[in-house]
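K.L.:
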Amino acid sequence: MKRKDISYLIRVIALFWFLTKIWSYKTWVTERVYPVIPPIEKLENIPNFFHHFLFSFSLLCLLTVFFLRIHRWLLIALFFSEVISCLLDTVRWQPWEYMYLCFLLMVIINFYKPENIVLLSHLFLVSIYLFSGLHKINRDFLSVVWLNMFLIDFLGLSMEFILKYKLFFMGLLIPVIEISLALLLLLSNYKKTISYLLITMHISILIFIGPFGLQYNSVVWPWNLAIIFIILVIYSKPIEFSYRTVTHNFYWLVLWFLMPVLSFFDGWYQYFSFNLYSGKGDQMYICFSDTEKEFQPYFEHSANHVCGTASVVNLQNWALQEIKSAPIPETEIYNKIAVYLKQKYGNDKVKVILYNPNRKVKKEL
Numbered sequence: 102m103k104r105k106d107i108s109y110l111i112r113v114i115a116l117f118w119f120l121t122k123i124w125s126y127k128t129w130v131t132e133r134v135y136p137v138i139p140p141i142e143k144l145e146n147i148p149n150f151f152h153h154f155l156f157s158f159s160l161l162c163l164l165t166v167f168f169l170r171i172h173r174w175l176l177i178a179l180f181f182s183e184v185i186s187c188l189l190d191t192v193r194w195q196p197w198e199y200m201y202l203c204f205l206l207m208v209i210i211n212f213y214k215p216e217n218i219v220l221l222s223h224l225f226l227v228s229i230y231l232f233s234g235l236h237k238i239n240r241d242f243l244s245v246v247w248l249n250m251f252l253i254d255f256l257g258l259s260m261e262f263i264l265k266y267k268l269f270f271m272g273l274l275i276p277v278i279e280i281s282l283a284l285l286l287l288l289s290n291y292k293k294t295i296s297y298l299l300i301t302m303h304i305s306i307l308i309f310i311g312p313f314g315l316q317y318n319s320v321v322w323p324w325n326l327a328i329i330f331i332i333l334v335i336y337s338k339p340i341e342f343s344y345r346t347v348t349h350n351f352y353w354l355v356l357w358f359l360m361p362v363l364s365f366f367d368g369w370y371q372y373f374s375f376n377l378y379s380g381k382g383d384q385m386y387i388c389f390s391d392t393e394k395e396f397q398p399y400f401e402h403s404a405n406h407v408c409g410t411a412s413v414v415n416l417q418n419w420a421l422q423e424i425k426s427a428p429i430p431e432t433e434i435y436n437k438i439a440v441y442l443k444q445k446y447g448n449d450k451v452k453v454i455l456y457n458p459n460r461k462v463k464k465e466l
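For what it's worth, this note's numbering labels the leading residue of the sequence shown as 102, then goes sequentially.
#1: Roughly how many angstroms lie between the CA atoms of residue 416 and residue 441, to the nearest whole one?
#2: At what residues does the beta strand (DSSP E) containing residue 356 begin and finish?
#3: Would you kindly work out how many angstroms separate the C-alpha atoms of residue 276 and residue 132, rounded to a whole number?
#4: Decide if the stretch 208-226 is in contact with the stretch 234-250; the criterion is three or more beta carbon pairs, one per stretch, under 8 Å apart.
#5: What residues match up with residue 455 in a beta bridge as DSSP calls it?
#6: My guess is that residue 369 and residue 363 are in contact by the Cβ rule of under 8 Å, so how many angstroms apart are they, rounded?
#7: Could you please give me the residues that DSSP links to residue 415 through a beta bridge?
#8: Taking the CB atoms as reference points, tell me whether residue 419 and residue 399 lie closer together than 9 Å.
#9: Following the continuous alpha helix (DSSP H) through residue 334, name the residue where it begins and the one where it ends.
#10: Are there three or more Cβ pairs, one per stretch, closer than 8 Å when the stretch 123-142 is compared with the stretch 164-174?
#11: Give the straight-line distance between the Cα atoms of residue 204 and residue 140, rounded to the nearest whole angstrom.
#12: With a floor of 3 residues, list each beta strand (DSSP E) that falls wholly inside the stretch 249-288, ordered by position along the chain.
#13: In whole angstroms, give me the CA-to-CA distance for residue 172 and residue 208.
#14: Assign residue 544 to one of three DSSP states: helix, strand, or coil.
#15: Under the three-state reduction of DSSP, which class applies to residue 234: helix, strand or coil?
#16: Considering only C-alpha positions, which residue in the set 237, 106, 162 is nearest to residue 380?
#17: Three-state secondary structure (DSSP) at residue 137?
#18: Quick one: give me the first and last residue of the alpha helix (DSSP H) that residue 118 is part of.
#19: Which residues in the same chain have their Cβ closer than 8 Å to the Cβ of residue 160, if we skip the five residues on either side of it in sequence?
#20: Should residue 325 go down as buried or exposed, given a rule of 16 or more other Cβ atoms within 10 Å for buried?
#21: Give the secondary structure of residue 425 by DSSP, where H, G and I count as helix, E and B as strand, and everything else as coil.
#22: Residue 111 CB to nearest chain B CB: under 9 Å?
#23: Within a Cβ cutoff of 6 Å, which residues of the same chain sit near residue 464, ignoring the five residues on either side of it in sequence?
#24: Out of 424, 227, 352, which has the shortest C-alpha to C-alpha gap to residue 296?
#25: Does the distance from the CB of residue 128 to the CB of residue 424 come in under 9 Å?
#26: Which runs of the alpha helix (DSSP H) fall wholly inside the stretch 169-251 and span at least 4 residues, in chain order?
Quick look at the structure:
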């Protein structure tokens, strides 16, 4: 593959990364109700203007990459700007941010080796689909995503119809197809054909959760479009496999194929393992004894059964509504959010509960 094709790849990533950051801009600033939770305490008192500076600097870099000539030093500056920004707030550890950072660092390291970039990008895509599919093989996926979101909310089917035609377990076809496509992408000689099937899958996802579907999690709409264009660039020509390239870049294989295995045992971050729409995990609810004015747009009366109070906020829905990003599904981060909320609003006024809707299990933090 020529450097011209790599230039297309970088510009595609820059464009959709820019659009995603603009759409989710409150994720990258501090003027919001949703808490800013850095991974370590020493980063808690960083001035607001520094968050704004990093956000603006990254946007400027992305626009420069898209419109002007691509320089390695500019990509390095963008990489460090994004990493520093992510170190200031854990909610920025989004799966799309992680994917873009991996692509960016991969290009920086192999800037003068376009064939390496193509091969590694191919392997990265394989890992994304493989682990995304593996995480969906569970009953929670069937209940939350397949049954509630797809069959009932999207298709509008009744439970009577679903039970009559035994549609519930048909949802297992989705992870089976995703895993099969990942393996075929890795092993088949017809990678271009497989890439078209993957593009069809992403178009289906956009129809499902996009503006003409459930209108859900809008920040991932440009991400799905980005992956479609990335696939078109990567598989426009045959992939030339090189054991030497793979051996010299073994650390990527560790990051993409070994570390995600640990996520099944809570040993690695779920979003870094592309645990997406799997239905797994708990929902966090914030229960207020009084009505807090700044939370008025986020109260959910349908969740009263979790807290037993009228003033209830679901963390996931709050995050998607205010900052256009999903909360990071990690217990350590949930605990930090709980501590922050209790310190700000008072232990006697706030109760934080982790609730599993499928198992009906509650745990107070």
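For each residue, glycine too, the CB sits at the ideal point set by N, CA and C. All figures in this text were calculated on a predicted structure; none of them were measured in a lab.
P.N.:
From the atom records:
#1: Taking the CA atoms as reference points, residue 416 sits about 13 Å from residue 441.
#2: Premise fails: residue 356 is in no beta strand (DSSP E) and is neither H nor E.
#3: Looking at the two C-alpha atoms, the distance is approximately 39 Å.
#4: No, the stretch 208-226 is not in contact with the stretch 234-250.
#5: Residue 455 pairs with 385, 464.
#6: Indeed, because the Cβ distance is near 4 Å, the residues count as touching under 8 Å.
#7: Its beta-bridge partners are 386.
#8: In this structure, residue 399 lies closer than 9 Å to residue 419 by Cβ.
#9: Here the alpha helix (DSSP H) through residue 334 covers 321-335.
#10: Two segments are said to touch when three or more pairs of C-beta atoms, one from each, lie closer than 8 Å; by this definition the stretch 123-142 does not touch the stretch 164-174.
#11: Taking the straight line from one Cα to the other gives about 23 Å.
#12: With a minimum length of 3 residues, no continuous beta strand (DSSP E) run stays inside the stretch 249-288.
#13: In this structure, the alpha-carbon of residue 172 lies about 11 Å from that of residue 208.
#14: In this structure the chain extends from 102 to 466, so residue 544 is not present and cannot be described.
#15: It is helical.
#16: The shortest Cα separation from residue 380 among 237, 106, 162 belongs to 237.
#17: Judged by DSSP in its simplified three-state form, residue 137 adopts coil rather than helix or strand.
#18: DSSP places residue 118 in the uninterrupted alpha helix (DSSP H) bounded by 104-124.
#19: Hits under 8 Å: 119, 122, 123.
#20: Result: buried.
#21: Look at residue 425 here: in three-state DSSP terms it is coil, with no helix or strand label.
#22: No chain B appears in this structure, which consists of one protein chain only.
#23: Excluding sequence neighbours, residue 464 sits near 455.
#24: Checked all of 424, 227, 352; the closest Cα to residue 296 is 227.
#25: Yes, the pair counts as a contact, with Cβ atoms nearer than the cut-off.
#26: Runs of the alpha helix (DSSP H) inside the stretch 169-251: 173-188, 196-210, 215-236.
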